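Residues 1 to 131 in the UniProt record's numbering are what the sequence shown lists, from first letter to last.
All C-beta atoms in this analysis are idealised placements derived from N, C-alpha and C, irrespective of residue type, glycine included.
Here the structure is a predicted model, which is why all the values come from computation and not from measurement.
Worksheet for the structure shown next.
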Amino acid sequence: MDFPFDFSKKQLESIEDVLNEELIELGVQSVVLIDLAGNVIVNLDNGRCQHDVYSLAALAAANFGAVSAMANIIGEEEFSLLFHKGESDSIHFSKIGTDLLLLTIFGKDVSLGFLRLKVNEANDRIRDLLL
């Protein structure tokens, strides 16, 4: 498979460290960094998740693409943030740069406002690592 990014081992380890520090330690269940084609780049969880991460990544990329198309129809360039609330778990999508998407799965015990703040901090740190 051709991969659109060429991450060094150090970059990947640094990205994992950021996601652990900013999100997993906050109490989120799972974080998955993917490209917009649905390829999994980093997958971290709290040790209790049993998601089919590859199906989730493919569906998330498709969902983000569909929502981006809807944004274009109403005159927006894109919606860079998506959120789906479930009864017990929720998913937060956040675009990093132009080609990456961060999925965060979390439960009711994590505040959406605080999560958004920490996701923004993680996004900024990851962008800095990729420069």
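Classify Ile105: buried if its beta carbon has 16 or more other beta carbons within 10 angstroms, exposed otherwise.
buried
Would the beta-carbon of Lys95 fall within 7 Å of that of Leu103?
7 Å or more divides the Cβ of Lys95 from the Cβ of Leu103.
Note the first and the last residue of the continuous beta strand (DSSP E) segment covering Gly107.
100-107
Within its chain, find whatever has a CB closer than 8 Å to the CB of Val110; leave out the 5 residues flanking it on each side and keep chain order.
Leu26, Gly27, Val28
Distance check for Glu77 and Ser88, CA to CA, integer angstroms please.
32 Å
Neighbourhood of Gly97 by C-beta, 8 Å cutoff - its chain only, sequence neighbours within 5 removed:
Arg127, Leu130
Nearest residue (CA-CA) to Ser30, options Glu16, Ala37, Gly38, Leu36
Glu16
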